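Chemist: In the numbering used here, the protein residues as written are 79 to 285.
Built from N, CA and C at the ideal position, the CB exists for glycine as well.
Just so we're clear, the structure is a prediction, and the values are computed from it rather than from any experiment.
My questions all concern the structure below.
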């Protein structure tokens, strides 16, 4: 990392699971991000806001970094890129955003995975690590996630991570150019972790 990057990037911890490493994106990640998003475009676009004409450009990526860094500095959101443990292969990304403090202490989860890495359980590890970060480092009380009712992969992921479906939100987000209903899922601090494996992980990390 050069001096400019060191001065501009907020101090956000690297989160590590058994197979994954989650870290704040940096300028040098652009090519890997562009290539993975580009090759997975048909896989991702049905579940995301409509892509801009310059969606994968270096300029668009720089604008994303500017927003990610500003949110992290103000602790209103944290975006992580999902890599293998050695940070050589980019798998996808995950964001804990729209963080509200005060009486709410809540945040919203969003994520994407490159098509060739989907179905390997990697995003489940990422969600578990971000949940640990949210509840123990940021002291949040609630994490929400919204997904399209027909997105079976996302519904399965959230269910496996102990999220509870709380209802249906009408015309909640504009996805692929259309306002779509979403299912709202949530996980509370007192509900997590439910598994002995994750309790052992917390003990190991001393949090």
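Within 10 Å of its beta-carbon, does residue 132 have 16 or more other beta-carbons around it, so buried, or fewer, so exposed?
Modeler: Working through the chain shown from its first residue, we reach residue 132 at position 54. Here residue 132 is exposed, its C-beta having fewer than 16 other C-beta atoms within 10 Å.
Chemist: Could you please give the first and the last residue of the uninterrupted beta strand (DSSP E) stretch that includes residue 160?
Modeler: In the chain shown, counting from the first residue as 1, residue 160 sits at position 82. Start and end: 156 to 162.
Chemist: Measuring CB to CB, does residue 235 end up less than 8 angstroms from residue 201?
Modeler: Residue numbering aside, residue 235 sits at position 157 when the chain shown is read from its first letter. Residue numbering aside, residue 201 sits at position 123 when the chain shown is read from its first letter. For the 8 angstroms CB-CB criterion, residue 235 and residue 201 form a contact.
Chemist: Given a cut-off of 8 angstroms on the beta-carbon distance, is the pair residue 261 and residue 239 in contact?
Modeler: Start at 1 with the first residue of the chain shown, and residue 261 comes out as number 183. Start at 1 with the first residue of the chain shown, and residue 239 comes out as number 161. In this structure, residue 239 does not lie closer than 8 angstroms to residue 261 by Cβ.
Chemist: Should residue 118 and residue 158 be called a contact, given that it needs their Cβ atoms to be closer than 8 angstroms?
Modeler: Within the chain shown, residue 118 is the residue found at index 40, counting from 1. Within the chain shown, residue 158 is the residue found at index 80, counting from 1. No, the pair does not count as a contact, with Cβ atoms beyond the cut-off.
Chemist: When the distance is taken between beta carbons, is residue 223 closer than 8 angstroms to residue 263?
Modeler: Numbered from its first residue, the chain shown carries residue 263 at position 185. Numbered from its first residue, the chain shown carries residue 223 at position 145. Going by C-beta atoms, residue 263 is nearer than 8 angstroms to residue 223.
Chemist: Comparing C-alpha positions only, which one of 120, 185, 164 and 178 sits nearest to residue 172?
Modeler: For the purposes of this step, residue 172 is taken as the residue at position 94 of the chain shown. Nearest option by C-alpha distance: 185.
Chemist: Report the residue from 148, 169, 145 and 120 whose alpha carbon sits nearest the alpha carbon of residue 191.
Modeler: The sequence position of residue 191 within the chain shown is 113, counting from 1. Of 148, 169, 145 and 120, the residue nearest in Cα terms is 169.
Chemist: Can you tell me whether DSSP reads residue 115 as helix, strand or coil?
Modeler: Here the question's residue 115 lines up with position 37 in the chain shown. Looking at residue 115 - three-state DSSP - the assignment turns out to be helix.
Chemist: Over the uninterrupted beta strand (DSSP E) stretch that includes residue 260, give me the two end residues.
Modeler: Counting from one through the chain shown, the residue named residue 260 turns up at place 182. It spans 256 to 266 - the beta strand (DSSP E) in which residue 260 sits, taken as one unbroken run.
Chemist: Can you name, in chain order, every residue of its own chain whose Cβ lies under 6 angstroms from the Cβ of residue 227, other than the five neighbours on each side?
Modeler: Counting from 1 along the chain shown, the entry for residue 227 is found at position 149. Cβ neighbours of residue 227 beyond the five flanking positions: 261.
Chemist: Helix, strand or coil: which one does DSSP assign to residue 82?
Modeler: Sequence index remark: in the chain shown, residue 82 carries index 4 (1-based). Note that residue 82 has pLDDT 47, beneath the 50 cutoff, so the model's placement of it is unreliable and the number below is only indicative. Residue 82 falls in the helix class under three-state DSSP.
Chemist: Check for me: the alpha helix (DSSP H) holding residue 200 runs from which residue to which?
Modeler: As a working note, residue 200 is residue 122 in the chain shown. Note, residue 200: alpha helix (DSSP H), 200 to 210.
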